[in-house]
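The structure appears below as C-alpha cells.
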Amino acid sequence: MTTAENGRSARYHHGNLRNALLEAGRVLLEEGGPSALSIREIARRVGVSAPAAYHHFSGLDDIAVALAEQGFAELAERLQAAPSNANGQLAPAGMAYIAFARDNPGLYRLMFGEGFRGAFAANDRIRALRSQAYEVLKDGLSRRLPAEEIGTAALFLWSLTHGLALLMIDGQFDPGADPDALVAAVLQLSGKGLPTSAERTDSA
2 MTTAENGRSA
12 RYHHGNLRNA
22 LLEAGRVLLE
32 EGGPSALSIR
42 EIARRVGVSA
52 PAAYHHFSGL
62 DDIAVALAEQ
72 GFAELAERLQ
82 AAPSNANGQL
92 APAGMAYIAF
102 ARDNPGLYRL
112 MFGEGFRGAF
122 AANDRIRALR
132 SQAYEVLKDG
142 LSRRLPAEEI
152 GTAALFLWSL
162 THGLALLMID
172 GQFDPGADPD
182 ALVAAVLQLS
192 GKGLPTSAER
202 TDSA
C-alpha cells in the first residue's frame, strides 16, 4: 500500500470514510446519472474495498437514500436563502430551485427517485426534506392567496419549476445565451395569473 493510501486509511479509521464514499457517489452521479452508482466503483475511487463500504451502508439503496437526503437538505437551504418580500415574490425561489437542478443534474434526478423509486417510497426522512422545499413555496403564496388556494397554487408552481428544471438539465431545448434570463421570464409569466397582496386588498 502506498503512503497516500496509508494516509487515507488512517483518516477513514477516524470516521471520514462515510463522507468520502458519499463524495465519490456524487461525482459518479454527475458523470453518469443514477444508473452509474455502484458500491464497487464508489469504494474503488475512495481507495478501499467494497466490503469496507458495507460497514457504513447496508447496500446501494442506502447510499442512494443518503445522497438524496444531502440533496434535499441543500435544496431547502438554497430556497430558504432566496430573497423574498412582503408580497411573497416567488421568482427568486424558483430561480434558486432551477439553479440547484442545473448545478447538480445527476443528484437532482436521484432525489426524485430515478433508479431508486422503491428505496425512496417508504423513507420518512426524504419525505420530510422534500416537504421543507415545498413549504418555502407555500410560505410565499400565503402572502398572496387565501388559505384554501395555497395548496393548489403551490403544486402548480412546483410542477412548473420541476418541469422546467428537467427540460433544461436534459437539454430538451436551446436556452439561448442567457439561460437565467429565460428562467426569470418563464417564472414571471407564470406569476401574471396570481393576484398580488395589493390587488387582493384593492378588490376587497
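Under the working numbering, think of the first position of the sequence shown as 2, with each following residue one higher.
C-beta: ideal position from N, C-alpha, C; glycine also.
Keep in mind that this is a model prediction, so the values were computed, not measured.
Which ranges would you report for the alpha helix (DSSP H) in the segment 51-79 if only whole runs of at least 4 residues count? Fully enclosed alpha helix (DSSP H) runs of 4 or longer: 51-54.
At the level of alpha carbons, what is the spacing between residue 145 and residue 20? Here residue 145 corresponds to residue number 144 of the sequence shown, with the count starting at 1. Here residue 20 corresponds to residue number 19 of the sequence shown, with the count starting at 1. The alpha-carbon of residue 145 is positioned some 41 Å away from that of residue 20.
Return the first residue and the last residue of the alpha helix (DSSP H) that residue 160 is part of. As a working mapping, residue 160 is identified with position 159 in the sequence shown. Start and end: 148-170.
Locate the alpha helix (DSSP H) running through residue 132, then write down its first and last residues. Here residue 132 refers to the residue found at position 131 of the sequence shown. 125-142 is the span of the alpha helix (DSSP H), which, as asked, contains residue 132.
Using a Cβ-Cβ cut-off of 6 Å (strictly less than) and excluding sequence neighbours within five positions of residue 121, which residues of its own chain qualify? Within the sequence shown, the letter at position 120 stands for residue 121. If we look at residue 121 and ignore the five residues flanking it on each side, its Cβ neighbours are 114 and 127.
Let's see if you can read the secondary structure: which residues bound the alpha helix (DSSP H) around residue 104? Position 103 of the sequence shown, counted from the start, is the residue given in the question as residue 104. Its alpha helix (DSSP H) spans residues 92-104.
Can you look up residue 81 in the DSSP assignment and give me helix, strand or coil? Within the sequence shown, numbered from 1, the residue matching residue 81 stands at position 80. Three-state result, residue 81: helix.
Buried or exposed: which applies to residue 82, given that a residue is buried once 16 or more other Cβ atoms fall within 10 Å of its Cβ? The residue given as residue 82 occupies position 81 in the sequence shown. Flag for residue 82 reads exposed.
Within 8 Å (strictly less), CB to CB, does residue 163 reach chain C? This model lacks chain C altogether; it includes just one protein chain.
Under 8 Å between C-beta atoms of residue 130 and residue 73: Reading the sequence shown from its first residue, position 129 is the one you call residue 130. Reading the sequence shown from its first residue, position 72 is the one you call residue 73. Closer than 8 Å, so yes.
Determine the DSSP secondary structure at residue 145, reduced to helix, strand or coil. Numbered from 1 along the sequence shown, position 144 holds the residue referred to as residue 145. Coil, per DSSP.
Taking its Cβ as the centre, do 16 or more other Cβ atoms sit within 10 Å of residue 2, making it buried, or is it exposed? What you label residue 2 is simply residue 1 of the sequence shown in a count that begins at 1. Any reading at residue 2 must be qualified, since the residue scores a pLDDT of 41, below 50, and its modelled position is unreliable; the value itself is stated next. Answer is exposed; the Cβ neighbour count stays below 16.
If you run the structure through DSSP and keep just helix, strand and coil, what is residue 10? Here the question's residue 10 lines up with position 9 in the sequence shown. Any reading at residue 10 needs caution, since the residue's pLDDT is 41, under 50, leaving its predicted position unreliable; the model's value is listed next. Helix, per DSSP.
From residue 52 to residue 35, what does the alpha carbon distance come to, in whole angstroms? If you number the sequence shown from 1, residue 52 lands on position 51. If you number the sequence shown from 1, residue 35 lands on position 34. C-alpha separation (whole angstroms): 21 Å.
Taking the alpha-carbon of residue 79 as reference, which of 30, 50, 56 and 134 has the nearest alpha-carbon? Locating residue 79 in the sequence shown gives position 78, where the first residue counts as 1. Checked all of 30, 50, 56 and 134; the closest Cα to residue 79 is 134.
May I ask you to report which of helix, strand or coil DSSP gives residue 32? Sequence index remark: in the sequence shown, residue 32 carries index 31 (1-based). In the three-state reduction of the DSSP assignment, residue 32 falls in the helix class.
From which residue to which residue does the alpha helix (DSSP H) around residue 121 run? Residue 121 sits at position 120 when you count from the first residue of the sequence shown. It spans 118-122 - the alpha helix (DSSP H) in which residue 121 sits, taken as one unbroken run.
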